[in-house]
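Novice: All residue numbers for the sequence shown refer to this note's numbering, where the first residue is 2 and numbers rise by one. For every residue, glycine included, the Cβ atom is placed at its ideal position computed from N, Cα and C.
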Amino acid sequence: MGLLSSLFGGNKTNESQQEKKDKKNFEILKYDGIRARSMRQLPYAIKCLEQATAIKEDVEALQYLAATYAESERLDDARITLDKVLNIAPDNVESLISLANICFIQEDYESMDDACQKAIKADEKNIMAYFLAARAARGMNNEIQAIVMLTKAIAQDETFTPALQLRAEVLWGMRQANDALADIEAILTQNAEDEDALLLKARIMAATGQADEALALLDKVSEINPFNEKTYLLKGELLSEQKEMGKAIDVYTEAIELMPQNAKLYQARGRIKLVQGDKDGSVEDMKKAIELNPENEKQINGNFDNFNKGTNNVGIY
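#1: So what's residue 227 in DSSP terms, helix, strand or just coil?
#2: Starting from residue 244, trace the alpha helix (DSSP H) both ways and give me its first and last residue.
#3: Is residue 59 near residue 94, with beta carbons less than 7 Å apart?
#4: Would residue 150 and residue 169 be called neighbours here (beta carbons separated by less than 7 Å)?
#5: How is the alpha helix (DSSP H) around residue 52 delimited, first residue to last?
#6: Going by beta carbon distance, what residues of the same chain come within less than 6 Å of residue 1, once the five residues before and after it are set aside?
#7: Rounded to whole angstroms, what's the CA-CA distance from residue 31 to residue 71? Just pull it up for me.
#8: Looking only at C-alpha atoms, which of 210, 202, 241 sits nearest to residue 222?
#9: Which of helix, strand or coil does DSSP assign to residue 18?
#10: Beta-carbon within less than 6 Å of residue 147's beta-carbon, same chain only, minus the 5 sequence neighbours each way: which residues are those?
#11: Identify whether residue 2 lies in helix, strand or coil by the three-state DSSP scheme.
#12: Just reading off the alpha helix (DSSP H) that residue 96 is part of, what are its end residues?
#13: Out of 228, 227, 226, 177, point me to the one whose CA is closest to residue 206's CA.
#14: For residue 66 and residue 50, which I take to be in contact (beta-carbon distance under 8 Å), what is that distance rounded to the nearest angstrom?
#15: Threshold first: 4 residues or longer. Then list the alpha helix (DSSP H) segments lying entirely within the segment 145-223, N to C.
#16: Do you know whose CA, among 218, 208, 173, lies nearest residue 195's CA?
#17: Would you decide whether residue 292 is buried or exposed? Buried here means 16 or more other CB atoms lie within 10 Å of its CB.
#18: For residue 75, name the three-state secondary structure that DSSP assigns.
#19: May I ask you to report which of helix, strand or coil DSSP gives residue 261?
#20: I'd like to check one pair, residue 267 with residue 252: are the Cβ atoms closer than 7 Å?
#21: Would you mind stating whether residue 110 and residue 129 have Cβ atoms separated by less than 7 Å?
#22: Using only CA atoms, which one of 260, 27, 79, 198 lies nearest to residue 228?
#23: Could you pull out every residue in the same chain whose Cβ sits closer than 8 Å to the Cβ of residue 144, ignoring the five residues on either side in sequence?
#24: Looking at the C-beta of residue 42, does it have a partner C-beta in chain C at a distance below 7 Å?
#25: Check the C-beta distance from residue 43 over to residue 69 and give it rounded, since I have them as a contact under 8 Å.
#26: Taking the beta carbon of residue 34 as the centre, do at least 16 other beta carbons fall within 10 Å, making it buried, or is it exposed?
#27: How many whole angstroms separate the CB atoms of residue 27 and residue 56, which I take to be in contact at a CB cut-off of 8 Å?
#28: From this set, 119, 152, 24, 73, which residue's C-alpha is nearest residue 90's C-alpha?
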């Protein structure tokens, strides 16, 4: 019997044992990887999950691997891994949303939109699919489509702040002030201290000639969060347009004292100093801005040259 078993049943036994071994190794590697990711040990998590998915292309393990790649800024690897998931489960909405988010970071708006449309087809009530589709449309300069997608997202949840904020921004980009303000008020009704909504409202007030209202809103944001750089940049811009150059410089100086490593603030103060005729002070601020952010040296120098020639194309409203 032993001879017959070895001749006719031995391979099956060996295969069964190997399957059990692979299954055990897969489970150990998968859950070690998940645990390592939760402990922020990303390189080890990737190693475990790569080995686990080499044994078995399990959807959950692949999703964790893709997320860990993304957290490690290995976006191409994340996309490849999500493609594997979608080959196995084409209607996996979670993975389609993850893919859309990665495409957004990579500014691949066409692929982002494709992932969103597939997610919407799979789950027509998925609010994030509509929201991300709107971001993709905006990235492709299709404002009307962005508004359509955002309106569908808001129809799912009228209190969904990200969609209300983005629709307000798109509407204001089209200079539809009243419609934009309606969305802003919907946000502020929920949270009167929403910084992004207050800042956008301040921009609209400033651009529509309501400077005092804009300044009051900016002061409110500063009270909520003294470290919001956009508040100081907008306030300084508004004061400079009112020819209050000294006050604008004071605003930027106050901000720099709070955020001494912020290149944008030095750059903004340098522009105002140049307008005032303080070329040496302006140059010092521009040098500091470049020192803090050398990657933007061309932009900083370009803005400095424009101001030196008497032009201002920076506008932030």
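Specialist: Looking at the coordinates:
#1: Locating residue 227 in the sequence shown gives position 226, counting from the first residue. Coil at residue 227, not helix or strand.
#2: Within the sequence shown, residue 244 is the residue found at index 243, counting from 1. No alpha helix (DSSP H) holds residue 244; DSSP gives it neither H nor E.
#3: As a first step, residue 59 is located in the sequence shown; it is residue number 58 there, counting from the start. As a first step, residue 94 is located in the sequence shown; it is residue number 93 there, counting from the start. No.
#4: In the sequence shown, the residue the question calls residue 150 occupies position 149. In the sequence shown, the residue the question calls residue 169 occupies position 168. No, they are not a contact pair.
#5: As a working mapping, residue 52 is identified with position 51 in the sequence shown. Where residue 52 is concerned, the enclosing alpha helix (DSSP H) stretches over 43-56.
#6: Nothing about residue 1 can be read from this structure; the chain reaches only from 2 to 318.
#7: Within the sequence shown, numbered from 1, the residue matching residue 31 stands at position 30. Within the sequence shown, numbered from 1, the residue matching residue 71 stands at position 70. Whole-angstrom Cα-Cα distance: 18 Å.
#8: If you number the sequence shown from 1, residue 222 lands on position 221. For the residues 210, 202, 241, the minimum Cα distance to residue 222 belongs to 202.
#9: Here the question's residue 18 lines up with position 17 in the sequence shown. Three-state DSSP puts residue 18 in a helix.
#10: For this step, residue 147 is matched to residue 146 along the sequence shown. Excluding sequence neighbours, residue 147 sits near 135, 138, 139, 171.
#11: Position 1 of the sequence shown, counting from 1, holds the residue named residue 2. Model confidence at residue 2 stands at a pLDDT of 46, short of 50, so the residue's coordinates are unreliable and nothing is read from them.
#12: Locating residue 96 in the sequence shown gives position 95, counting from the first residue. Note, residue 96: alpha helix (DSSP H), 94-106.
#13: For this step, residue 206 is matched to residue 205 along the sequence shown. Measuring from the Cα of residue 206, the nearest candidate turns out to be 177.
#14: Stepping through the sequence shown from its first residue, residue 66 is reached at position 65. Stepping through the sequence shown from its first residue, residue 50 is reached at position 49. Sure, about 4 Å apart at Cβ, within 8 Å.
#15: 162-174, 178-191, 196-208
#16: The residue given as residue 195 occupies position 194 in the sequence shown. Measuring from the Cα of residue 195, the nearest candidate turns out to be 218.
#17: For this step, residue 292 is matched to residue 291 along the sequence shown. Exposed, since its Cβ has fewer than 16 Cβ neighbours within 10 Å.
#18: Residue numbering aside, residue 75 sits at position 74 when the sequence shown is read from its first letter. Coil.
#19: For the purposes of this step, residue 261 is identified with residue 260 of the sequence shown, where counting begins at 1. Residue 261 falls in the coil class under three-state DSSP.
#20: Taking the first residue of the sequence shown as 1, we reach residue 252 at position 251. Taking the first residue of the sequence shown as 1, we reach residue 267 at position 266. Against a cut-off of 7 Å, the Cβ pair of residue 267 and residue 252 comes out as no contact.
#21: Stepping through the sequence shown from its first residue, residue 110 is reached at position 109. Stepping through the sequence shown from its first residue, residue 129 is reached at position 128. Taking 7 Å as the Cβ cut-off, residue 110 and residue 129 do not qualify as a contacting pair.
#22: In the sequence shown, the residue the question calls residue 228 occupies position 227. Minimum Cα distance to residue 228 is reached at 260.
#23: Numbered from 1 along the sequence shown, position 143 holds the residue referred to as residue 144. Only 138, 171, 174, 175 meet the Cβ criterion.
#24: No chain C is part of this structure, which consists of one protein chain only.
#25: One-based indexing of the sequence shown puts residue 43 at position 42. One-based indexing of the sequence shown puts residue 69 at position 68. Correct: roughly 6 Å between the Cβ atoms.
#26: Taking the first residue of the sequence shown as 1, we reach residue 34 at position 33. Classification for residue 34: buried.
#27: The residue you call residue 27 lines up with position 26 of the sequence shown. The residue you call residue 56 lines up with position 55 of the sequence shown. 4 Å between Cβ atoms; contact.
#28: Here the question's residue 90 lines up with position 89 in the sequence shown. Among 119, 152, 24, 73, the Cα nearest to that of residue 90 is on 119.
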